[in-house]
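Take any residue in the sequence shown, note its place counting from 1, add 404, and you have its number in the numbering used here.
What follows is a set of notes on a single structure, which appears directly below.
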Amino acid sequence: MIVRDPYIYLDKENELYYLHTRTSVGGELGVKFYVSKDLKMWKYRGKSYKPADDFWGTRDFWAPDMVKYKDKYYMFVTFSSKADGSDRGTSIFVADTPGSTFVPIKNAPITPANWMSLDATLYVDKESNPWLVFCRSWRSIYDGEIYIQKLSDDLSSTIGQPIKCFAASEAQWSGTITSDGKTGYVTDAPFIHTNENGSLVMLWSSFNKKGEYVIGQAISQNGNPAGPWVQSEQPLNKDRGGHAMLFNDLNGKLKISYHSPNSGPERITIKDVHITNDGWVEFDNEEDRVNPDDIAPNVQRIVLYPNGPTDGGNGLDPLKTTDGGALIAFNTKAELIIYRPSKSNATGHAIIACPGGSYTDLYYGALDLFAKKSVDKGLAFIILNYRVPNGNPQIPINDITETIKLCSANKEIWNINPEKIGVLGVSAGGHLASTMAVSTASDIKLDFSILIYPVITMQDGGTHNQSRLNFMGGNPSSDMKNKYSNELHVTASTPRTYVAYGLKDAVVNINTNSKRFVEALTEKNVPHVEDIYPDKAHALLEYPESIYQSILTWVLKE
């Protein structure tokens, strides 16, 4: 059957499958529906929605998703009224039965009025709260995005602000398309499925780097619809189809429905699938699957606290934060840039890297080459753009602690062995990394630490003054300075450590920081390497690339 955007609903009581789709018979737009008893033979039953003359939407009539919520049936349909689609949005309709006429809850989009949105659908969380899941169009923002927004209990209005789940470019397999003179990354058709272990998997559609329409996947391991969402290394399918959803048939078998190919004639495709141990959707038939070894390593950015931090934040105005593409100043929102190798190449090691910048700036661009070298060797590399402390040491410590826990929680998805997680820090980031290395917290266990011309001490006369000022404020007590002078807290349990520095460093005193920490490691018999560069100063990008090879060889030595 030729149809786009197929969304199937099973009426278990009557053993009947419903399929609603767009119709334009005789030039009159609307929504029609079909029924089937076996998912093979479909019978046309008529129109389920015909717009009134005063209805706001006069174009598109895309992606009619029909669901049952409580004791009624709801249909989500995307419309526009302008030729350029700039007012595109989704409206919700309601009916008493799946085969009756649907009427709009209100004559307006449920998606944000000032956004160009599409393909909204319903997700109900484990507390029975309804959520709107929708796309923000690439035509208005270049890099298409997927959002969630809480709905009122009767689905008539939204509550609070939209929460961004991810952007299309976060999937390493995604590519741009050009249409009507515009170029960008597409997001289509979000659909959230709850796995038996409580995690969530989201299906969504976009175009790969070959320009083929495909189905992507993302997982929220913690079961929170706000994420963080981790993208799959490859698309789900290879038959140039998309706009997918999952449903169970009359026998309880999980199936996927989507249209393929994406350009005429589009036909409904229904196949058997299952959920893997890692939480991903996978075709039962191996011939339908994409070969993961053909896909390059994944690089993505995710927000560390999708619902906001619980510690109150660092008190800085978010409008003061700037990101120049390699340097963030006055960061107020912690994020991760995750470089992960393909599963076939992964060693299980993970390096959590803390950029330097005197606890005010984050020079994360300087770590990109190190990240790529690590992935080539099979290591995951996670750059932590932590929130700057603004005088509160606990802020960045909370961020790195949460990152370590997140790496363990996502071990299967990110190809990480929790026993092989280590930290890396450059300059002030070296202070944060070494703080974790000497931590005695029971929930923190590291395999190694890598410190590159680090700030170590907070003591008068030896510290880097600007870093200390930004870390703990202008008048720290002796107890505070001692607490965060990490040379004082090395024990025999401190993880193996690699310390690299240059003798021409005029920014951070190597005698009271790098060398003093090496002395403390020696005193406690902690295995370590001291890597000295006689002609190098305080700039990682000026160090030879051999430093990366030396460090990675050491990490892999176990």
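Each residue gets a CB set at the ideal place from its N, CA and C atoms; glycine is no exception.
The model shown is predicted, which means the values in this text are computed figures rather than measured ones.
For residue i versus residue j, is the C-beta distance shorter than 8 Å?
i       : j       : result
Thr-494 : Phe-538 : yes
Asn-402 : Gly-683 : Residue 402 lies beyond the stretch modelled for the chain, which goes from 405 to 962, so this question has no answer here.
Glu-531 : Arg-540 : no
Leu-836 : Gly-829 : yes
Arg-408 : His-663 : yes
Asn-641 : Val-618 : yes
Thr-805 : Asn-874 : no
Asp-458 : Lys-476 : no
Ile-786 : Ala-757 : yes
Gly-620 : Trp-608 : yes
Asp-547 : Ser-573 : yes
Val-694 : Gln-576 : no
Gly-877 : Val-859 : no
Would you mind reading off the limits of the beta strand (DSSP E) that contains residue i?
i       : result
Asn-821 : 820 to 830
Leu-873 : Careful: Leu-873 lies outside any beta strand (DSSP E), inside the alpha helix (DSSP H) at 869 to 876.
Leu-526 : 521 to 528
Val-634 : 633 to 635
Val-435 : 434 to 440
Glu-934 : 932 to 937
Pro-594 : 592 to 598
Glu-686 : 685 to 687
Gly-535 : Correcting the residue identity first, residue 535 is Trp in this sequence and not Gly. Note, Trp-535: beta strand (DSSP E), 534 to 540.
In three-state terms, what does DSSP make of residue i?
i       : result
Asp-692 : helix
Ile-509 : coil
Thr-764 : coil
Ser-484 : strand
Lys-777 : helix
Phe-734 : coil
Arg-920 : helix
Glu-549 : strand
Gly-834 : helix
Met-862 : coil
Gly-461 : coil
Pro-948 : coil
Arg-791 : coil
Pro-722 : helix
Have a look at residue i and residue j and give me their C-alpha separation to the nearest angstrom.
i       : j       : result
Gln-625 : Met-606 : 11 Å
Ile-732 : Thr-726 : 6 Å
Pro-713 : Asp-469 : 34 Å
Ser-950 : Asp-780 : 14 Å
Tyr-411 : Leu-650 : 9 Å
Ala-943 : His-868 : 16 Å
Asn-599 : Asn-711 : 21 Å
Ile-936 : Val-903 : 8 Å
Arg-744 : Asp-864 : 40 Å
Lys-747 : Gly-461 : 46 Å
Phe-417 : His-424 : Correcting the residue identity first, residue 417 is Glu in this sequence and not Phe. Cα to Cα, Glu-417 sits roughly 19 Å from His-424.
Asp-851 : Thr-898 : 9 Å
Ala-845 : Phe-921 : 20 Å
Ser-504 : Asn-819 : 49 Å
Ser-889 : Thr-680 : 46 Å
Thr-861 : Tyr-767 : 21 Å
Ser-882 : Glu-891 : 15 Å
Ala-517 : Ala-593 : 19 Å
Arg-644 : Gly-615 : 9 Å
Ile-567 : Val-634 : 16 Å
Ser-485 : Arg-543 : 16 Å
Ser-556 : Ile-563 : 6 Å
Asp-523 : Tyr-589 : 16 Å
Leu-925 : Gly-646 : 56 Å
Leu-788 : Thr-580 : 27 Å
Asp-698 : Ala-770 : Unreliable positioning characterises Asp-698 in this predicted model, as indicated by a pLDDT of 47, which lies under 50. The coordinate reading is nonetheless provided below. One C-alpha to the other measures close to 28 Å.
Tyr-551 : Phe-570 : 7 Å
Asp-692 : Ala-910 : 59 Å
Ala-750 : Ile-817 : 11 Å
Span of the alpha helix (DSSP H) holding residue i?
i       : result
Ser-495 : Unbroken run through Ser-495 is the beta strand (DSSP E), 493 to 499; no alpha helix (DSSP H).
Asp-409 : No alpha helix (DSSP H) contains Asp-409, which DSSP labels as neither H nor E.
Asn-886 : 882 to 887
Asn-802 : 798 to 813
State buried or exposed for residue i, treating a residue as buried only when at least 16 other CB atoms are found within 10 Å of its CB.
i       : result
Pro-701 : In this predicted model, Pro-701 has a pLDDT of only 47, less than 50, meaning its place in the structure is not dependable; the value taken from the coordinates is given anyway. Buried: at least 16 other Cβ atoms inside 10 Å.
Arg-872 : buried
Ile-406 : exposed
Met-445 : exposed
Leu-654 : exposed
Leu-945 : exposed
Pro-938 : exposed
Asp-803 : buried
Ala-841 : buried
Consider the Cβ of residue i: report whether some Cβ of chain D lies at a distance smaller than 8 Å.
i       : result
Lys-568 : Annotation note: the requested chain D is absent from the structure, which comprises a single protein chain.
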